[in-house]
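Structure record follows, encoded as structure tokens.
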Amino acid sequence: MKHFLDITKEHCPMTFVKVKLELSKMSPGDQLEVLLNEGEPLDNVPKSAVEQGFKVTSIRLGEKPHHLVIIER
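Read in order, the letters of the sequence shown are residues 97 to 169 in the numbering used here.
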């Protein structure tokens, strides 16, 4: 199942906190599409997800400043 989370209005460190909370509600194998800003969120969210044991399946660079990261639980 796919889930979507827009964190473009959030600032670090709340960006990954919101992502982690959403991932905790999901079942193993589900995917979370995260819309985020370039800079710290784009650098830190995928890295933090991997460090927490999640799988980043895609990073799609979109029109600045928004990008899409797909994380599998």
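Note that CB positions come from ideal geometry on N, CA and C, so glycine has one too.
Of the other Cβ atoms in all chains shown, fewer than 16 fall within 10 Å of the Cβ of T104; this residue is therefore exposed.
Residue environment analysis places R156 among the exposed positions, since fewer than 16 neighbouring C-beta atoms fall within 10 angstroms of its C-beta. R156 is bridged by DSSP to L164. Cβ neighbours of P142 within its own chain (closer than 7 angstroms, five residues either side excluded): V152, I155, V165. Boundaries of the alpha helix (DSSP H) harbouring F112: 110 to 120, taken from the DSSP string.
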